[in-house]
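Letter by letter, the sequence shown follows residues 11 to 351 of this note's numbering.
Don't be surprised by glycine CBs; every beta carbon is placed ideally from N, CA and C.
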Amino acid sequence: MTALTTALAAPEVLDRCRALVRPALEETVGRLHPWVGEMAGYAFGWCEVGGAPAVASGGKGLRQTLAVLGAEAAGAPGRTGVPAAVAAELVHVFSLLHDDIMDGDAARRGRPSVWKAYGTGPAVLAGDALFALAVQTLAASPAGPEAVRLLSVALGDLVHGQADDLLLAARPWAGPDRVRPGEYRTTAEHKTGALLGCAAALGALLGGAPPAVVAALDRAGRHLGIAFQVVDDVLGIWGDPAVTGKPVHGDLRERKKTFPVLAALDGPSPAAGRLAALLESDTEPAQLAALIEEAGGLAEALAEARRHIVAVETVLDGVPLDPATERELWSLLDFLVCRDL
């Protein structure tokens, strides 16, 4: 299949895996204190404030999909990976709740963030509850100790990445202390890639895959995380708001240190110097976007995403995976990296 046709097929993979995981995810969240459970349901897009059913988007379900595919890649039924999928999704939403507070983001997916809807303290509590549920879910799985160990490594990286992200935001745009693309790459691997890799690895572990396959899926997920984050940055500047759900030039308006900007500043183009100066001013985002593209930021960002997809191919080359699942995995990768561009 061409990249276009596989990309179009990928949402079916996401839908199938979400449908498989949703009952277990709801049952797990349903064990929480009712008020905390309502906040969790709001974060997942299942309900409104007060508990009324909602039709809000709950996200792509990427991590739960990778967990299910990880189990199927090992030749096991997809349901074998459901505990891994539930744990990965719980940790993901936990991280979003806390990230929104730390970053001061008042909205997520077109609705007020949990901390804006319920308050900062309650949102922290809901995030903590989801984290605890994730650990409990894995501890009760057949591969409990090893599964919890894998999750703990990913959580350590997640915290490391968030700490770096907060520190990078305060760094200057120019001079010896400016943020380099390599620093961004490390942060993206920790913040995004670690949990993607963990989800796939946990699914494979519960599916009975040998350690080499589990480790390979973990590494592949980390590369996927970097590619995913870079493409997300591209969409944050040049994506169609009607498709992405993000305001036009939103990341530039907030002066976020995204990969296209950092790549443009690090390149040899004469436009890089002008860009650094304008980023410190109140220059309109549309003008900045044009200058970033002129300085090569867009082209380098797309090349960076492709490099990490090639790295995924390299890591998985020769790894024994179920053929049907491997095709679904590649359709998913095409969709994630080519989405909306």
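{"Check": "Hey, residue 206 and residue 235 are a contact pair by Cβ (cut 8 angstroms); roughly how many whole angstroms apart?", "Outcome": "4 angstroms"}
{"Check": "Using only the alpha-carbon positions, how far apart do residue 80 and residue 91 sit?", "Outcome": "7 angstroms"}
{"Check": "Would you call the segment 128-147 and the segment 181-194 in contact, with 3 or more CB pairs under 8 angstroms?", "Outcome": "no"}
{"Check": "Measure the alpha-carbon distance for residue 18 versus residue 187 and round it to whole angstroms.", "Outcome": "Low confidence applies to residue 18: its pLDDT is 40, below 50, so where it sits in the model is not reliable enough to give any reading."}
{"Check": "To test your reading of the DSSP string, which unbroken alpha helix (DSSP H) runs of 4 or more residues are found completely within the segment 274-313?", "Outcome": "281-289 and 295-304"}
{"Check": "Rounded to whole angstroms, what is the Cα-Cα separation between residue 220 and residue 258?", "Outcome": "45 angstroms"}
{"Check": "Would you report the Cα separation of residue 265 and residue 331, rounded to the nearest angstrom?", "Outcome": "42 angstroms"}
{"Check": "Work out the CA separation of residue 249 and residue 148 for me, nearest whole Å.", "Outcome": "37 angstroms"}
{"Check": "Assuming residue 144 contacts residue 107 under a Cβ cut-off of 8 angstroms, what Cβ separation, rounded to an integer in Å, is found between them?", "Outcome": "Not really, about 13 angstroms apart at Cβ, beyond 8 angstroms."}
{"Check": "So what does residue 122 bridge to, in DSSP terms?", "Outcome": "117"}
{"Check": "Got a sec? Which residues, its chain only, sit under 8 angstroms from residue 202 by beta carbon, not counting five neighbours each side?", "Outcome": "171, 235, 236, 238 and 239"}
{"Check": "Could you name each continuous alpha helix (DSSP H) segment of 4 residues or more that falls completely within the segment 221-278, going from the start of the chain to the end?", "Outcome": "221-248, 251-254, 260-263 and 269-276"}
{"Check": "Look up residue 63 in the DSSP assignment and say whether it is helix, strand or coil.", "Outcome": "strand"}
{"Check": "In this structure, how does DSSP classify residue 341 when only helix, strand and coil are distinguished?", "Outcome": "helix"}
{"Check": "Beta-carbon within less than 6 angstroms of residue 16's beta-carbon, same chain only, minus the 5 sequence neighbours each way: which residues are those?", "Outcome": "Note on residue 16: pLDDT 37, under 50, position unreliable in the model; no value is reported."}
{"Check": "Anyone know if the C-beta pair for residue 190 and residue 272 falls short of 9 angstroms?", "Outcome": "yes"}
{"Check": "Nearest-angstrom Cα distance between residue 214 and residue 60?", "Outcome": "38 angstroms"}
{"Check": "Counting C-beta neighbours from all protein chains within 10 Å, is the total for residue 11 16 or more, i.e. buried, or is it exposed?", "Outcome": "Note that residue 11 scores 27 on pLDDT, short of 50, meaning its location in the model is unreliable; the coordinates nonetheless yield the value given after this. When all chains shown are included, residue 11 counts as exposed."}
{"Check": "Going by CA-CA distance only, name the one from 309, 155 and 227 that's closest to residue 328.", "Outcome": "227"}
{"Check": "Output the distance between the C-alpha atoms of residue 281 and residue 304, rounded to the nearest integer angstrom.", "Outcome": "7 angstroms"}
{"Check": "Rounded to a whole number of angstroms, what is the C-alpha to C-alpha distance between residue 49 and residue 124?", "Outcome": "7 angstroms"}
{"Check": "What residues in its chain sit with their C-beta under 8 angstroms from that of residue 211, if we drop five residues either side in the sequence?", "Outcome": "80, 160, 224, 225, 227, 228 and 231"}
{"Check": "Return yes when the Cβ of residue 274 is within less than 9 angstroms of the Cβ of residue 307, no when it is not.", "Outcome": "yes"}
{"Check": "Quick one, which of 94, 335, 279 and 43 has its alpha-carbon nearest residue 77's?", "Outcome": "94"}
{"Check": "Do the CB positions of residue 157 and residue 336 come within less than 9 angstroms of each other?", "Outcome": "no"}
{"Check": "According to DSSP, which residues form a beta bridge with residue 57?", "Outcome": "63"}
{"Check": "From 286, 290, 295 and 268, pick the residue whose C-alpha is nearest to that of residue 314; which is it?", "Outcome": "268"}
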